[in-house]
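What follows is a set of notes on a single structure, which appears directly below.
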Amino acid sequence: MPAATGGPPSTESARRAVEAVWRIESARIVSALARYTGDFALAEDVAQEAVAEALVTWARDGAPASPVGWLLATARRRAIDGFRRRSALDERYAMLAGQLAEGETSSGAVTPPDRSDDLPWDPDRVDDDVLALMFVACHPVLSPEGRVALTLRAVGGLSSEEIARAFLVPVPTLQARITRAKKTIAAAGVPFELPPSEERRVRLGGILSVLYVIFTEGSTATAGDRLLRPDLAYEAIRLARTLAALLPDEPEVYGLLALFELTAARFPARVGPDGEAVLLEDQDRRLWDRSAIRRGLAAIGRASAVGRGLGPYGLQAAIAACHASASSVPETDWERVVLLYEALGRVAPSPVVELNRAVAVAMANGPRQALSIVDELVAADRLPGSHLLPSVRGELLTRLGRTTEARAELELAARLCRNVRERSVLLRKAAALG
């Protein structure tokens, strides 16, 4: 990325340049460094140190001709310094020193004769490196919170501040999660490599669940004063697209991508001018992103074409497709939605799936049958502390004319809800019942 012309470099232009390179190429940079050093934690640390150095150097000298090569070469130097400080002048140091020389020629720091086609990483290994990085960041030895934080940091390239802001936790808490995750990986001796093929599909589920958590938080924030956190949701979509490109024969990857695209397609209509939540039946469907819908439907088609049937994410995507294809709530194929939820309940049973099935049953067959499903969940105490159950129950009771009970349920849901925008909808509904 060349330096701006017409004046000296500036701190702001350097910051923009570094952020752009890091957001696009961070996964490749960290994964290449992890392969070179054999130490994931070291790779992540020296990459961050290189970014910090770039903010200073590029502001003074302008961005280099090969920003990625510069970052790699600088990070390798930091890694070598670390090995030297630990008196690790062994074969690994010699290997890194040789690779550093190659990185410097790639970055433009040294201009070798007849080597203009050098790349800062082996192009035949990039895909495997990035995929290995995903498997490491989502390793089962980590806590769910650690997997999410490390994936967004190492694979997504987000800063600690961005991740902490998205999940409404203090920055020190988030940084502690990342540090703890890296120490856990080191202590467990997790190698930076793709797991054996027989383990890959089992471990893939962990990656998909991490991306699902990230997207879900972006599409409906659990707390705070915003309904959507689109930056987080779109980062999950970007990572899902990357994963689909790396694993083109895995149907559930495409199922997850389809679910993301079809859900995000409704974002423009889900929030009003003042940030208030807009319910599905009130949304202006002309605002829905038709390009995202087309991408989502194509991804479902790919998931089906790969074979083995639709998995949990593919079935959720198929439900989202029913909504995306309908012109209105009454015109939605609710019978098909019920069947899809029944199938989802068989392959991935959960109280949330049952609750969503109840909503679909209410639309297809009326609220009385749906209420019996919800009451079974209440009796079994399947969703303790969640606002979702009293919210749905309140809606069903409203439709049955049991307004006093409905108002009590909606007020309970509002007390349990931590999202300001969702809470205001629940309180407005309760107040409308008198």
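Heads up: the sequence shown begins at 8 in this note's numbering, then just goes up one per residue. Using N, Cα and C, we set each Cβ at its ideal position, and we do this for glycine too.
Inter-segment contact for the segment 233-249 and the segment 215-223 is present: three or more beta-carbon pairs are separated by less than 8 Å. When DSSP states are grouped into helix, strand and coil, Val143 belongs to the helix group.
When secondary structure is reduced to three states using DSSP, Val285 falls in the coil class, being assigned neither helix nor strand. Of the residues Arg67, Glu26, Ala66, the one whose Cα lies closest to the Cα of Ala54 is Glu26. Glu418 sits away from Ala439, with the two beta carbons spaced by 8 Å or more.
Per DSSP, the beta-bridge partners of Val278 are Ala284. Distance check between Ala387 and each of Ala369, Glu402, Thr229, Glu361 places Glu361 closest, using alpha-carbon atoms only. DSSP, reduced to helix, strand and coil, places Gly318 outside both helices and strands of the structure shown, so it counts as coil. Under the three-state reduction of DSSP, Gly408 is assigned to coil, being neither helix nor strand.
Excluding residues up to 5 positions away in sequence, Thr227, Leu234, Ala284, His394 lie with their Cβ nearer than 8 Å to the Cβ of Glu429 in the same chain. Contact between the segment 350-367 and the segment 309-329 is present, with at least three C-beta pairs closer than 8 Å. Bridge pairing for Asn372: absent [DSSP].
In this structure the segment 152-161 touches the segment 180-194; the number of beta carbon pairs closer than 8 Å is three or more.
Judged by pairs of C-beta atoms under 8 Å, the segment 364-382 touches the segment 392-408, as three or more such pairs exist. For the 8 Å CB-CB criterion, Ala331 and Ala251 do not form a contact. By the C-beta density criterion, Asn426 is buried, having at least 16 other C-beta atoms within 10 angstroms.
Listed in chain order, the non-local C-beta contacts of Asp135 below 8 Å within the same chain comprise Leu201, local neighbours out to five positions each way being set aside.
Taking C-beta separations shorter than 6 Å and ignoring five residues to either side along the sequence, the partners of Met370 in its chain run Trp341, following chain order. Here DSSP, grouped into helix, strand and coil, assigns Gly441 to coil. With a beta-carbon spacing of about 7 Å, Glu51 and Lys189 fall inside the 8 Å limit used to define contacts.
With contacts defined as CB atoms closer than 8 Å, Val345 and Val399 fail to qualify as a contacting pair. C-alpha of Arg208 to C-alpha of Ile326: approximately 24 Å in a straight line. Assignment of alpha helix (DSSP H) within the segment 322-369, counting only whole runs of 4 or more residues, yields 341-354 in chain order.
Within the DSSP bridge table, the entry for Gly231 names Asn426 as partners.
Here the alpha carbons of Val58 and Gly89 stand approximately 17 Å from one another. For Phe47, the closest C-alpha among the options Glu60, Trp77, Glu259, Thr186 is that of Thr186.
Residue range 18-44 is occupied by the alpha helix (DSSP H) that includes Ser38.
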